[in-house]
Amino acid sequence: MERKRLRIDGIPTDIPAGRAKDKLTIHFLRSRNGGGEVESIDIIQGDPTYAIVTFEDDEVVQRVLRIKDHILQVNAKIYNLAVSEVTGKLDLEEVLKTIQCHLQ
Numbered sequence: 017m018e019r020k021r022l023r024i025d026g027i028p029t030d031i032p033a034g035r036a037k038d039k040l041t042i043h044f045l046r047s048r049n050g051g052g053e054v055e056s057i058d059i060i061q062g063d064p065t066y067a068i069v070t071f072e073d074d075e076v077v078q079r080v081l082r083i084k085d086h087i088l089q090v091n092a093k094i095y096n097l098a099v100s101e102v103t104g105k106l107d108l109e110e111v112l113k114t115i116q117c118h119l120q
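Quick note: to get the working numbering, add 16 to the position in the sequence shown (first position is 1).
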């Protein structure tokens, strides 16, 4: 079974990446957000910075995509997340950014 991934844009960049990953994990675990079990979250630093969320269940991706508005609140600040499905293979630039992120 192929694992499904989502690209998340609009993520917090004004907090540490570890905290952003925690907040995204909580957001995408919640059923009200269409979520389910999260396998991993990778923050890809760049312009723009975004996250790749991999779910354990393929059906979760479709549920998350059906939710129109994904709003993440960190303290008093609101982040409007843009969610899109990652299809096909990773391109070289994305792979290098992911490796660089893990080395930091």
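Backbone N, C-alpha and C fix where the C-beta goes; we use that ideal spot for every residue, glycine too. These figures come from a predicted structure and were not determined experimentally.
* CA-to-CA distance, D74 to A140, given in whole angstroms -> Within the shown structure, residues of the chain are numbered from 17 to 120, placing residue 140 beyond reach of any answer.
* To do: Would you list the one or two residues that DSSP bridges to S56?
  => T70
* To do: Please work out which residues of its chain come closer than 7 Å, Cβ to Cβ, to T70, disregarding the five sequence neighbours upstream and downstream, and give them in chain order.
  => R19, R21, E55 and S56
* Taking I59 and A33 to be in contact with their CB atoms under 8 Å, please state how far apart those CB atoms are, rounded to whole angstroms. => 5 Å
* Could you tell me whether the Cβ atoms of I27 and L40 are closer together than 8 Å? => yes
* **Environment of N49 [buried if 16+ CB atoms lie within 10 Å]** => The residue is buried, with at least 16 neighbouring Cβ atoms inside 10 Å.
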